[in-house]
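Listed in order, the protein sequences are those of chains Y and B.
So the first sequence is residues 3 to 168, counted in the numbering used here.
So the second sequence is residues 265 to 408, counted in the numbering used here.
All residues carry an ideal CB built from backbone N, CA and C; glycine is no exception.
Keep in mind the model is a prediction, meaning the values are calculated, not measured.
Since the structure comes first, as structure tokens, the remarks are kept for the end.
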Amino acid sequence: MRGDGVSLSYPVASDHQLARLLQIGMVLEEVVEARAHKHHETLDEEELGDEIVSLLGEAAEESAEHRRRLEELVDELDADPVAYGEIEKLVAARYESDTDFDGVLYDQLCNEETAYKFYDDLITAIEGSDVRFTVGRERLLSVLRAIREEEAEGVEEVTELMEDET
Amino acid sequence: MNTQDQYLKSIYLIQQQENGPASTGAVADRLEVSPASANEMIGKLESDGLADHEKYEGVSLTDEGILRASEALQTYCIIERFLHSVLEVEEFRAEARQLESVIDETVAERLDTIIDRRERCPDCFDAETDACELLDVAESEPAD
């Protein structure tokens, strides 16, 4: 349902919509995790250096943890099932054909910034909604805010590393 | 996608359908807002150099407006295609419309890395069916 006024920013209107957005978050995390693993696999550790190797490892772990937290929320909502096994394969298969993001650190920065933006917009859309979700609003927002905070820290960490590299 | 981009995209698609300027009423109908709201945003687009508005004729996008609208349409295509092909959502058009204001173009760019979008996107977007003509829409249409 569209609202009054010029604005076309709409709050999250149902459990179903919320679940879909959380599923999109899970896929984004899957992309981050897969790319971090692939960067590590395809590039020489010596070439990457200790700091980048550990950054990639932490990024993959953090994404897996975020995905787990999102999945817990999705499981409590009225959501269509999604074949994550298939998505994992798709993400892995697509990685090599992608040439849009050059450089491991730059790619990692895009990952963190994109994830931050996603959670920030999602939190705003939930805050603007007066729908009663099956998942408690406070818990939902606190999980998403915690994830957003970790993404912000990630952006900072990669930026610092990029500055050190130059 | 922000509000301005959603308006630009709608005007672009109406212009394509009409093969001429888009009336304020048609823009309002497509976006399900009041004509007064549509008018207000069209005024803003005009002052930003993205559209020209001729009284009694309607609104046409400038070259810059067309460029922005085309980018917004690509973002929308990514969302539709992602819902259709990755999450296998049957009602992908309706859901894309519901979600487009929450999905930023940078997020769409990431989703784009795992979908199979053609180079001629967004020219393959069909304003009538509100979907990429290359998607297998027939399967997603509810039976009459």
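Where do the N-terminal and C-terminal ends of the alpha helix (DSSP H) with residue i fall, by residue?
{"i": "B:D316", "result": "Segment 315 to 318 is the beta strand (DSSP E) holding B:D316; no alpha helix (DSSP H) there."}
{"i": "Y:G130", "result": "Segment: none, Y:G130 is in no alpha helix (DSSP H) and carries neither H nor E."}
{"i": "B:P299", "result": "299 to 311"}
{"i": "Y:E73", "result": "52 to 77"}
{"i": "B:I367", "result": "Per DSSP, B:I367 belongs to no alpha helix (DSSP H) and is neither H nor E."}
{"i": "B:R381", "result": "Run containing B:R381: none; DSSP gives neither H nor E here."}
{"i": "Y:E31", "result": "17 to 44"}
{"i": "B:E359", "result": "356 to 363"}
Thinking residue i and residue j are a contact (beta carbons under 8 Å), I'd like their distance in whole angstroms, please.
{"i": "Y:T116", "j": "Y:L30", "result": "7 Å"}
{"i": "Y:E35", "j": "Y:S65", "result": "4 Å"}
{"i": "Y:S9", "j": "B:T267", "result": "5 Å"}
{"i": "B:V366", "j": "Y:L146", "result": "In fact, because the Cβ distance is near 12 Å, the residues do not count as touching under 8 Å."}
{"i": "B:I379", "j": "B:L363", "result": "The pair is not a contact, with the Cβ atoms about 15 Å apart (cut-off 8 Å)."}
{"i": "B:E335", "j": "B:L314", "result": "B:E335 to B:L314, Cβ: 12 Å. No contact."}
I'd like to check one pair, residue j with residue i: are the Cβ atoms closer than 8 Å?
{"i": "B:L337", "j": "B:L309", "result": "no"}
{"i": "Y:V133", "j": "Y:V14", "result": "yes"}
{"i": "B:R382", "j": "B:L398", "result": "yes"}
{"i": "B:R357", "j": "B:A395", "result": "yes"}
{"i": "B:I278", "j": "B:A292", "result": "no"}
{"i": "Y:I54", "j": "Y:L107", "result": "yes"}
{"i": "Y:L79", "j": "Y:A21", "result": "yes"}
{"i": "Y:E73", "j": "Y:M28", "result": "yes"}
{"i": "Y:V33", "j": "B:R384", "result": "no"}
{"i": "B:T288", "j": "B:I306", "result": "yes"}
{"i": "Y:E153", "j": "Y:Y118", "result": "yes"}
So for residue i, helix, strand or coil by DSSP?
{"i": "B:L375", "result": "helix"}
{"i": "B:A286", "result": "strand"}
{"i": "Y:G87", "result": "helix"}
{"i": "Y:L10", "result": "coil"}
{"i": "B:A395", "result": "strand"}
{"i": "B:D269", "result": "helix"}
{"i": "Y:D123", "result": "helix"}
{"i": "Y:D80", "result": "coil"}
{"i": "B:D390", "result": "strand"}
{"i": "Y:V106", "result": "helix"}
{"i": "B:E296", "result": "coil"}
{"i": "B:E352", "result": "coil"}
{"i": "Y:V137", "result": "coil"}
Quick one: give me the first and last residue of the beta strand (DSSP E) that residue i is part of.
{"i": "B:G322", "result": "322 to 325"}
With hydrogens ignored, establish whether the beta-carbon of residue i is closer than 7 Å to any heavy atom of the ligand SAH.
{"i": "Y:I26", "result": "No copy of the ligand SAH occurs in the structure displayed, which carries no ligand at all."}
Discussion item. Beta carbons nearer than 8 Å to chain B: which residues of the stretch 116 to 138 of chain Y have them?
Written reply: The stretch 116 to 138 of chain Y vs chain B, Cβ under 8 Å: T116, K119, F120, D123, L124, A127.
Discussion item. Closer than 9 Å between beta carbons: that is the criterion. Which residues of the stretch 366 to 381 of chain B meet it against chain Y?
Written reply: Under the 9 Å Cβ criterion, the stretch 366 to 381 of chain B contributes V366, I367, D368, T370, V371, E373, R374, L375, D376, T377, I378, I379, D380.
Worksheet entry | Interfacial residues, the stretch 277 to 288 of chain B to chain C, with Cβ spacing under 8 Å | Looking at the structure shown, chain C is missing, and the protein chains on hand are Y and B.
Item to complete: Please name the residues in the stretch 329 to 343 of chain B whose beta-carbon is closer than 8 Å to at least one beta-carbon of chain Y, in chain order.
Response: Along the stretch 329 to 343 of chain B, there is no position whose C-beta sits under 8 Å from a C-beta of chain Y.
Worksheet item: Given a limit of 8 Å on CB to CB distance, which residues of the stretch 8 to 25 of chain Y reach chain B?
Response: Answer in chain order: V8, S9, L10, S11, Y12, V14, A15, Q19, R22, L23, Q25.
Practice prompt. Give the residues from the stretch 24 to 43 of chain Y that approach chain B closer than 8 Å (Cβ to any Cβ), ordered along the chain.
Written response: Listed by position along the chain: Q25, I26, V29, L30, V33.
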